[in-house]
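Note that the sequence shown covers residues 1 to 341 in UniProt numbering.
Data first, discussion second: the structure below is written as structure tokens.
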Amino acid sequence: MLQSNAKSETATDDDRLHLYEKTNRQYIPVLKAGSGRYGNVWLALKADVLHSKKPFKPQLIALKLPTPRNENMLTREVQKLQYLQTTAGSPTARFVTCFHAQWDESHTYCDWYTMTAIPGFTLHDLIVTFACPSLPVPEALVSHVAIQLAEAFRWLHTHDPPLLHGDFHEANVMLDPSKQDVPGFPNVTLIVFGNAKDGTPAALHVERVRYFQMIKELAMVDVGHTWCVNTLREKHADCNHDDEWIEFLKVVRDPRCIQNGQYAMGWQEFWGRCLFKAIKRRDNASQKVKMAVRRRVDLAMQKSAVMGEVDCMEAVEYFKTIAPSTDVSDGSPGSSGGRTH
């Protein structure tokens, strides 16, 4: 994740040396991208870039290590990511990609692993950036986020057995402008699977409700923090949105299942009522709308603390002064001990 939050920090010399040795001299850390209860994520480069003159930023990966006594969480995350990547029908573009995992000698715990470094911003960043009526998120972009997140969760929740993400919130959803399955719209990617597990019906329902709440928050930004629908679910007289969009707002505000009126509707019902129409809204967006989406995405990128080539060059220059070329790993799996998978 090239996007860095307020807790991000430039690696100290001690950090760099420790992680360089921890990864069997295969990776050099550049910046600490995030800290969590169960693990820390660093943006890093393969050590063989010390012999390269190419731009370094495109070669960045994310390196995740467990916090003390939480190796089991990292192990579970790697296992889930590898499962998502190899299971038939999985919408792999919606999930972060695990590149390389280093296991202990008994192959019981994962010591660290590398994954995609997403050059984008979180859904939280998008919501906060546009929490102002004068900067609405275009309907087409709201629709796009709803569609691609639903693609991920429909597959997870309807899998056999159903899978629960387990840590679903705005900061664990990233938007990547560098990858666009739909031209003009950044790919939406779910990250952090350390709490993923088989889901009970009750837990899946809670996660589904959180999805609707999240899309509702984004849609509220779109309509300037005011709802076009009153408490009686009737359209306000001064609303200028079309009926399909009003129906979308009604559902994400109150997603109760039509059948029983108590539980949040399932993915099949939501697709039938709203998302097929949302796909048309996004795919038929005019050039004017796409330009508005691009401006909003560019603004979100500007407001996010995104690291650059200078950060990479500084780390590379530091390691050139301390790491003789003969000591640098060639980066091949297992070249410096330990087991890989």
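Beta carbons: idealized from backbone N, C-alpha and C, even for Gly.
Everything numeric in this text was worked out from a predicted model, so none of it was measured.
Given residue i as reference, the closest of the options once Cα atoms are compared
i, options, result
"F99", "E77, N70 and H107", "E77"
"E150", "K197, Q26 and G272", "Note that residue 150 is Ala in the sequence shown, not Glu. When each option's Cα is compared against that of A150, the closest is G272."
"H124", "E170, Y318 and V206", "E170"
"Q102", "R294, T87 and L65", "L65"
"F153", "V209, I279, N284 and V142", "V209"
"G194", "A47, T75, I322 and Q59", "T75"
Three-way DSSP call (helix, strand, coil) for residue i in this model
i, result
"M174", "strand"
"F276", "helix"
"H225", "Only weak support exists for where H225 lies, its pLDDT of 42 falling under 50; the value from the coordinates is given anyway. H225 falls in the coil class under three-state DSSP."
"A6", "Here A6 scores only 38 on pLDDT, less than 50, and its place in the model is too uncertain to base an answer on."
"V293", "helix"
"H157", "helix"
"D14", "helix"
"D298", "helix"
C-alpha gap between residue i and residue j, whole angstroms
i, j, result
"G166", "I28", "31 Å"
"L31", "L164", "30 Å"
"N72", "M115", "18 Å"
"R37", "M214", "23 Å"
"A62", "D242", "42 Å"
"K80", "A264", "26 Å"
"C285", "A33", "The question names Cys, but residue 285 is Ala in the sequence shown. Approximately 34 Å, taken between the alpha carbons."
"Y318", "V128", "36 Å"
"K303", "P119", "13 Å"
"K250", "L175", "25 Å"
Cβ-heavy atom distance, residue i to the ligand FMN, below 7 Å
i, result
"E244", "Among the components of this structure there are no ligands whatsoever, and the ligand FMN is therefore not found."
Residue range of the alpha helix (DSSP H) that includes residue i
i, result
"N72", "E71 to T86"
"I246", "D243 to R253"
"L123", "L123 to T129"
Element boundaries [beta strand (DSSP E), containing residue i]
i, result
"I61", "I61 to P66"
"I28", "Y27 to S35"
"D111", "C110 to M115"
"A285", "That residue, A285, is in no beta strand (DSSP E); it is neither H nor E in DSSP."
Residues sharing a beta bridge with residue i, DSSP
i, result
"K46", "Y27"
"D198", "L163"
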